[in-house]
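K.L.:
Position 224 (the sequence shown) corresponds to 224 in the numbering used here; numbering is contiguous.
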Amino acid sequence: MTSTMVVAPMPVAPLQTTVTRPNVELPQYLTEIASTTVKTPFDPAKHLDFTPPKTVITMKDIGLEGHGISPVAVSEPFRLFTDEAVQQFRAEIFSKPVLDHCQVSSNFASNMIRAYAADYGPFAYSVWHHPEVMAIMSKVAGIDLTVGMDIDVGHVNISINDDTKPSDPRTEVVPGKNDDETPAFAWHYDSYPFVVVTMLSDCTDMEGGETALRTASGEIMKVRGATMGTAVLLQGRYIEHQALKAWGGRERISMVTSFRPKSPFCKDETSLAGLRGITDLCLLYHQYAEYRFQVLETRFRTSRQTLLKSFHKQRGFDLQGTRSFLEEQKRYVEDLLRELVPYP
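1) Check whether the stretch 28-35 and the stretch 228-242 are in contact - that is, three or more C-beta pairs closer than 8 Å.
2) Comparing alpha-carbon positions, which option in D144, A243 and V74 lies nearest T55?
3) Starting from the Cα of P52, find the closest Cα among D43, E25, T37 and F81 and give me that residue.
4) List the residues that DSSP assigns as beta-bridge partners of R79.
5) For the pair the stretch 331-338 and the stretch 315-322, tell me if three or more CB-CB distances fall below 8 Å.
6) Note down, one range per segment and in chain order, each beta strand (DSSP E) of at least 3 residues found wholly within the stretch 80-152.
7) Can you tell me whether DSSP reads G208 as helix, strand or coil?
8) Counting along the chain, where does the beta strand (DSSP E) carrying T298 start and finish?
9) Where P131 and P44 are concerned, what is the direct C-alpha to C-alpha distance, given to the nearest angstrom?
10) Counting beta carbon pairs with one atom in the stretch 87-103 and one in the stretch 60-71, are three or more of them shorter than 8 Å?
11) Taking 7 Å as the CB-CB limit, is D150 close to chain B?
12) Taking the alpha-carbon positions, what's the V295 to T204 distance?
13) Here's the rule: buried if 16 or more other CB atoms are within 10 angstroms of the residue's CB, otherwise exposed. What is Y343?
14) What are the boundary residues of the alpha helix (DSSP H) that I33 is part of?
15) Alpha carbon to alpha carbon, what distance is there between S106 and L48?
16) Measuring straight from C-alpha to C-alpha, what distance separates Q305 and D280?
17) With distances taken between CB atoms, is the gap from D287 to I151 smaller than 7 Å?
18) Kindly indicate which three-state DSSP category P193 falls into: helix, strand or coil?
19) Less than 7 Å between the beta carbons of V197 and S254, yes or no?
20) Given V222, which residues of its chain have a CB within under 6 Å of its CB, disregarding the five upstream and five downstream residues?
21) Looking at the structure shown, is V223 part of a helix, part of a strand, or coil, going by DSSP?
22) If you check the beta carbons only, do V147 and V153 fall under 7 Å apart?
23) Counting beta carbon pairs with one atom in the stretch 18-25 and one in the stretch 101-120, are three or more of them shorter than 8 Å?
24) For the structure I just gave you, are there three or more beta carbon pairs, one from the stretch 109-128 and one from the stretch 240-250, closer than 8 Å?
25) With DSSP run on the structure shown, which of helix, strand or coil describes R250?
26) How should E297 be labelled, buried or exposed, when 16 other C-beta atoms within 10 angstroms of its C-beta is the threshold for buried?
27) Mark I278 as exposed unless 16 or more other C-beta atoms lie within 10 angstroms of its C-beta, in which case mark it buried.
28) Between the Cα of Y116 and the Cα atoms of E207, R292, L283 and A8, which residue gives the shortest distance?
29) Quick check on I113: buried or exposed, where buried means 16 or more other Cβ atoms within 10 Å of its Cβ?
30) Do you know offhand how far G218's Cα is from A243's?
31) Given that a residue counts as buried once 16 or more other Cβ atoms are within 10 Å of its Cβ, and exposed if not, what is M199?
32) By DSSP, does P166 sit in helix, in strand, or in coil?
33) Which residues bound the beta strand (DSSP E) around S324?
34) Cα-Cα, which of A118, K39, T270 and A34 is closest to Y192?
35) Let me know if R315 comes out buried or exposed under the rule of 16 or more other beta-carbons within 10 Å of its beta-carbon.
36) CB-CB under 8 Å to K60, same chain, minus the five flanking residues each way: which ones, in chain order?
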């Protein structure tokens, strides 16, 4: 089992207690372009264009060595997808079924699309479950990863420039600029150990959009913003961070996919606090409980096999080791119970 490590802070929950739909419609051009895109299955040879990041910031670099599940804190933006792949993503997320059923709004973000991939997004679902993509994510993260839950495959954040506003750089645009420190999202911790943020917009005329990290000493470190088809991998469950606003473009559309450790024996502090108000609770609780049960199943099966081998070989019983194992599983179940709060 894993060694004792620092407990992750609790993510801030949205004000909403149930799923709320956006009250502002998206521009028509998004659906028009999406409807003309010929949809194709995911093909790594055609849709992947991976170039490893030149720089990776470590947890030690930001004073958080020993926190989290990996030494890696955040990568610089790295090329991941071809332009054709980006168009396939957009064709799915701006399709009628997705917009009809999967748009969400909260006090954190006015327009999001989530929990769509399994039912309405075969391309996105295939991408983020593909072994080659998972191998890339694991390589950059420095630890073997797996998709957190299907509800958070290809979560999309959407910001649109309001063309009715004056085209003055001092006024708010995508979604606004007062100065280069203006946040698009407040300081926060993520729900999952790792996230990868992929840019789905053309950022040619865009400025800003950096990710700001708060180091252990309280200093602010910035990671430059991504461009279309590039991605940033972040151990956001353990690093306080915020996305700074971008300006100068018509839109800013980013896709966020969340990951947890692949090994059932690795610490996993996935939290539902930031997810409850923007996700159907029945689906959220089902997927969360199912994978946690699977982890417990694997842990107990492995422990039983170890117990049997030890007894057959030495006619002995590791009392302290067994008690330690059970105490760890007790804490794991208690965490599960805390997350499964009653329906509102």
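Cβ coordinates follow ideal geometry from the N, Cα and C atoms, glycine included.
P.N.:
Checking against the coordinates, here is how it stands:
1) Judged by Cβ distances under 8 Å, the stretch 28-35 makes no contact with the stretch 228-242, as fewer than three pairs qualify.
2) Distance from the Cα of T55 is smallest, within the candidate group D144, A243 and V74, for V74.
3) It is F81 whose Cα lies nearest to the Cα of P52.
4) R79 is bridged to T230.
5) The answer is no - the stretch 315-322 does not touch the stretch 331-338, with fewer than three Cβ pairs under 8 Å.
6) The stretch 80-152 contains these whole beta strand (DSSP E) runs: 145-147.
7) G208 falls in the strand class under three-state DSSP.
8) Looking at the DSSP string, T298 is not in any beta strand (DSSP E); the run it does join, the alpha helix (DSSP H), is L281 to Q314.
9) A straight-line Cα-Cα distance of about 10 Å links P131 and P44.
10) With a cut-off of 8 Å, the stretch 87-103 and the stretch 60-71 do not count as touching, because too few Cβ pairs lie within range.
11) Absence of chain B from the displayed structure is noted, only one protein chain being present.
12) Their backbone Cα atoms lie some 44 Å apart in a straight line.
13) Within a 10 Å sphere around the beta-carbon of Y343 sit fewer than 16 other beta-carbons, which makes this residue exposed.
14) In this chain, the alpha helix (DSSP H) harbouring I33 covers Q28 to T36.
15) Answer to the nearest angstrom: the Cα atoms are 32 Å apart.
16) Those two C-alpha atoms are separated by around 38 Å.
17) In the sequence on display, residue 287 carries Gln and not Asp. It is a contact, given that the beta carbons lie within the stated cut-off.
18) P193: coil per DSSP, three-state reduction.
19) In contact: V197 and S254 (Cβ atoms closer than 7 Å).
20) For clarity, residue 222 is Lys in the given sequence; the question names Val instead. Here the set comprises E210 and A212.
21) V223: strand per DSSP, three-state reduction.
22) In this structure, V153 lies closer than 7 Å to V147 by Cβ.
23) Pairwise C-beta distances place the stretch 101-120 in contact with the stretch 18-25, as three or more of them are shorter than 8 Å.
24) In short, these stretches do not touch, since the Cβ pair count stays below three.
25) Coil at R250, not helix or strand.
26) Exposure of E297 is indicated by the presence of fewer than 16 other C-beta atoms within 10 angstroms of its C-beta.
27) Counting Cβ neighbours within 10 Å, I278 comes out buried, since at least 16 surround it.
28) From the listed residues E207, R292, L283 and A8, the smallest Cα separation to Y116 is found for L283.
29) So I113 ends up on the buried side.
30) Going from the Cα of G218 to the Cα of A243 covers about 17 Å.
31) Here M199 is buried. Its C-beta has 16 or more other C-beta atoms within 10 Å.
32) In this prediction, P166 has a pLDDT of 38, which is less than 50 and means its spatial position is unreliable; what the coordinates show is noted afterwards. The DSSP-derived three-state label of P166 is coil.
33) From DSSP, S324 is part of no beta strand (DSSP E) but of the alpha helix (DSSP H) over L319 to E339.
34) Ranked by Cα distance from Y192, the options A118, K39, T270 and A34 are led by T270.
35) That one is exposed.
36) Scanning its chain for C-beta atoms nearer than 8 Å, with the 5 sequence neighbours on each side dropped, one finds around K60 the residues P71, in chain order.
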